[in-house]
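See below for the structure under consideration.
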Amino acid sequence: MGIPLFILALGVWGLLSVQHSQDLLEPIPGGRQTTGTVVGSGQFCAEEDNCSYRPVIRYADLSGRMHTIIAPPQNQFQADGSTVKVSYNPRIPGDAHDISISSSTWDFERNTAIVAITVGGLGTLGAGALGRRLLQWSPPPDRDSSGRD
């Protein structure tokens, strides 16, 4: 039963991670929106054709102070100098989100986590039911040499 529980836990962790990343692409409730500029980008490649990017964005708050944030991983490359929409908390201007891309970029990861939760949950239930059944099972009674019970 350990492997299905591990898959279930991994799926729950993955779903929470994806939800957090999707939240970082939404406007901050009660926040202000401004335009930011991409000043750099980190590139991470699992394989040659499977890369994600983390743009570094600079923006000015309402008082004109400059702030820099690193956006969550995304699969769309944004060149230096590109303008992006930024939502920030006016009380804590360093708390900001890049809202220029769609949160649907995390659909594959979210769906993978949901499949893992389903497989892990069903595996856990199946293993538990099988274990319970095996505990209730008793071998047939021994027969004597005459073949009678």
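Numbering-wise (this note's numbering), the sequence shown opens with residue 28 and increments by one.
The beta carbon of each residue, even a glycine, is placed where N, CA and C say it ideally should be.
Look at the region 84-128 and you find no whole run of alpha helix (DSSP H) that is 4 residues long or longer. Under the three-state reduction of DSSP output, E75 falls in the coil class, being neither helix nor strand. Taking all protein chains shown into account, P117 has fewer than 16 neighbouring C-beta atoms within 10 Å of its C-beta and is therefore exposed. Looking at the backbone, the Cα of G153 and that of P31 are separated by about 9 Å. Shortest Cα-Cα distance from T95 to any of T62, A143, L43, V146 involves T62.
Residue pairing for R81: DSSP places it in a beta bridge opposite G69.
Under the DSSP assignment, E136 falls in the alpha helix (DSSP H) whose first and last residues are 134-163.
Put simply, of A98, G29, L42 the residue whose alpha carbon is nearest the alpha carbon of R137 is L42. In this structure, DSSP gives G63 an extended state, which the three-state scheme calls strand. Assignment of I34 by DSSP, reduced to helix, strand and coil, places it in the helix class. The DSSP-derived three-state label of G58 is coil.
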